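Under numbering that gives the first Met the number 0, residues 0 to 651 are what the sequence shown spells out, in order. C-beta atoms are modelled at their ideal positions from N, C-alpha and C, and glycine is treated no differently. Keep in mind the model is a prediction, meaning the values are calculated, not measured. In what follows, a single structure is set out as structure tokens and then discussed.
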Amino acid sequence: MSKPKAKKPSVITENSIQEPVKDQHWYANKSLISKLLIGLAFILNINTLGNDYALDDAIVITDNMFTQEGISGIPGILKYDTFYGFFKEAGKENLVSGGRYRPLSLVTFAIEYELFGKDPFMSHLINLLLFCLSAFILYLSLLKLFRNSKGATAYTIPLLATLLFVVHPIHTEVIANIKGRDEILTLLFSITALYLCVRALDTKQNFWAWIGGLSLFLGLLSKENAITWIAIIPLALYVFRKPTTKEWLLLNLSLWVGAAAFLLIRGMVLGWNLNHAPPMELMNNPFVKWVGDHYEAYTSSETTGTILYTVLQYFQLLIFPLHLTHDYYPFVIKMHTLQDPASLLSLILLIALAVLGVILVRKRNAIGFGILYFLATFSIVSNVFFPIGTMMGERFMYMPSLGFCLIIAVLLSKLSKPVLSFGVGVLICLPLMLKTVSRNSFWENDMTLFREDIKISGESAKLNNAMAGLLMSDYSKEVDPQKKSMMLSESKGFALKALQLHPTYKYPPFILGNVYFYGQSYDSAAYYYQKALLISPDFKEAKKNLGFSYRDAGRKAGEVEHNVPKALELLGKGYAILGDEDYESLRLLGIANAIGGKPEIARPFFEKARDLNPDFADAWQNLVNVYLSLGLKEKGEEALRKVQELKAAEKK
């Protein structure tokens, strides 16, 4: 009897890893599902393509000096804090504690500006295409993670998780607001890093791990919260694979090299002090309260309680995303203490989730991974480890929500049949899809967005101020007197509400000054400009407008009230602020002094006005009158000839 042939050791390749039994079910058709998911992501958000720039797009695109320089502005983007190109002044970019270094999205905006100019359509299109690509990479990554799962779940879990992620309306802010590209790129590169690391493990080709480290580095250049993936990727490998110690160390090393490279560059650009004390200013530090006549920091109980309360709000938005808004600034979220029932419930829920996540992960359970993924990615935007500048924001859920979608997908996969799992999933997704489409439409422009979101965020000092300011901006473009009057009234109401909510907010009194100025109530205008200057003595625009209010009050006193002494007093106050660079102040002071019988004082004002506008016939005509009244016949005749020349030129 011949001996049986000895079996050769098998060679593990990416294609030889255990896979579920091949069948002809539609959900196993990766090509078809990929196309459907990409198509759905595009169709649901196609109505963003007609939107204009909105909200924070000014910071990174329309008012950013580096972005507007196109490709030549890229060195500046890489050299400075992300907000520097907007503020254009050293120090202001650090209003949010710790600074921000997220150059990659700004680099893409600069390239777009070079190629297409100021074109919101192209920027929205690129955002949408990047989101579609994210959906595709997410689906492939989940397929790779779950390839060893039993039966249909290897296909249904990736499908359902990606489907939920694609349709969830909490992501509309990231997609519809062009500035949200930093969030899109961060998750895209982070997921790609996961995919590549799993591929490196499955194929035993270390090259892919180093490419994964590079991808994570690009994710960090997009936004710093990609740093959590140096823990998430090893956690995923532990749950879904069984790497050897050597493989584990190599994969971790590639990620740490990418992260270290980013941290080194960030430190060189922004400095190494990450513990900047948050400012005692409500719009950049929501954890302060108005006490008497000043702001004080929240107590530890108030800070912790309020943060825990926001956790419940995030959970509510993930499960029932009914009332969405871009603005959660004070005081949309009220202060809560640690003793409040909602805060205690949130604390209990977080502890329970953390414990359950650890227990399930030790059993290599996908739900456990989803829980710990959510907690890890949420931690960095939760205000726990460092302040993020606001209470909460829907964009901060873009990355963590993937954990929620994964958990729901795993639970749905436990239904008796894949068709049933998918059917229930579709029923869940339908209202989410409708909400996504409708919510996208409100991002058409600032006015549409603000008017919708003020219904939800009516207690936001920032949004009330933004509404007031936007109405005043549109006021100058409106020609209908009735509409202009309504705009002034509406702007006044929003500005008063903003000032009530935030007594040391310099912009609401400035806007109120503008409201009264355009309404020709100059005394009230001056009062509010002075109030703005008391809050911020260096507020140049308020000081200049105060000068205008005095000037026009002086004009009114002279032309309407025929009160020359009062006119001279007010015009003098305006001139003290505006100086010799304001033609109207010089002209009016000349006229008032001339009417008051002081042509010798009127003369230098008229001469300065002429020097500012030498081609303006009226400037010379005023000099004709004052020269003749002073007996300067030759100068008067010379000025008269100049008047005649200029008027003759105008007729031509």
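Just so you know, the alpha carbons of L545 and Y506 end up roughly 14 angstroms apart. Counting the other CB atoms within 10 Å of its CB gives G512 a total of 16 or more, which places it among the buried residues. Inter-residue distance for I318 and F130 is about 22 angstroms (C-alpha atoms, whole angstroms). The C-alpha of V559 is placed about 48 angstroms away from the C-alpha of V287. The DSSP-derived three-state label of W289 is strand. Within the same chain, Cβ atoms closer than 6 angstroms to the Cβ of A27 are found at Y154, the five residues on either side in sequence being excluded. If you check the CB distance, L236 and V197 come in under 8 angstroms.
For the options T185, L254 and L220, the alpha carbon positioned closest to that of G211 is the one of L254.
DSSP, read as helix, strand or coil, puts A151 in coil. Distance from the CA atom of I125 to the CA atom of N176, rounded to whole angstroms, is 12 angstroms.
Per the C-alpha coordinates, the member of I156, G84, S490 and K178 positioned closest to G518 is S490. With fewer than 16 other Cβ atoms from the protein chains shown falling within 10 Å of its own Cβ, K34 counts as exposed. For R198, the enclosing alpha helix (DSSP H) covers residues R180 to T202.
Distance from the Cα of L611 is smallest, within the candidate group E583, T336 and F377, for E583. Pairing F188 with L217 gives a Cβ-Cβ distance under 8 angstroms.
Between the segment 410 to 428 and the segment 157 to 169, the count of C-beta pairs closer than 8 angstroms reaches three or more; the two stretches touch. Excluding five sequence positions before and after I32, the CB atoms of its chain that fall closer than 6 angstroms to its own CB belong to L158, given in chain order. According to the DSSP assignment, S490 belongs to the alpha helix (DSSP H) that extends over P480 to L500. DSSP, reduced to helix, strand and coil, places E443 outside both helices and strands of the structure shown, so it counts as coil. Excluding the 5 residues flanking it on each side, K87 has same chain C-beta neighbours closer than 7 angstroms at M64, in chain order.
Taking 8 angstroms as the cut-off, the Cβ atoms of A134 and I231 do not count as close. The distance from the Cβ of I534 to that of G468 is about 16 angstroms, inconsistent with a contact at the 8 angstroms cut-off. Burial state of R450 is exposed, judged by a 10 Å Cβ sphere holding fewer than 16 other Cβ atoms. With a contact defined as Cβ atoms closer than 8 angstroms, F605 and G589 qualify at about 4 angstroms. Under the 8 angstroms Cβ criterion, the segment 219 to 233 counts as touching the segment 243 to 251, having at least three qualifying pairs. A Cβ-Cβ separation of about 5 angstroms places N382 in contact with I306 under the 8 angstroms criterion. Around the beta carbon of H293, fewer than 16 other beta carbons sit within 10 angstroms, so the residue counts as exposed. Taking every protein chain shown into account, the CB of L263 has fewer than 16 other CB atoms within 10 angstroms, so this residue is exposed.
L344 and L371 have their C-alpha atoms roughly 19 angstroms apart. The C-beta of G270 has fewer than 16 other C-beta atoms within 10 Å across all chains shown, which makes the residue exposed.
Membership of L316 in the alpha helix (DSSP H) is indicated by the continuous run S299 to I318. Bridge partners of E295 according to DSSP: K288.
Under the three-state reduction of DSSP output, G266 falls in the helix class. Here N464 has A497, Y506 and P507 as same chain residues with Cβ atoms under 6 angstroms from its own Cβ, once five neighbours each way along the sequence are excluded.
Residue ranges of uninterrupted beta strand (DSSP E) with 3 or more members are absent from the segment 559 to 614; none lies entirely inside it. Look at H24 here: in three-state DSSP terms it is coil, with no helix or strand label.
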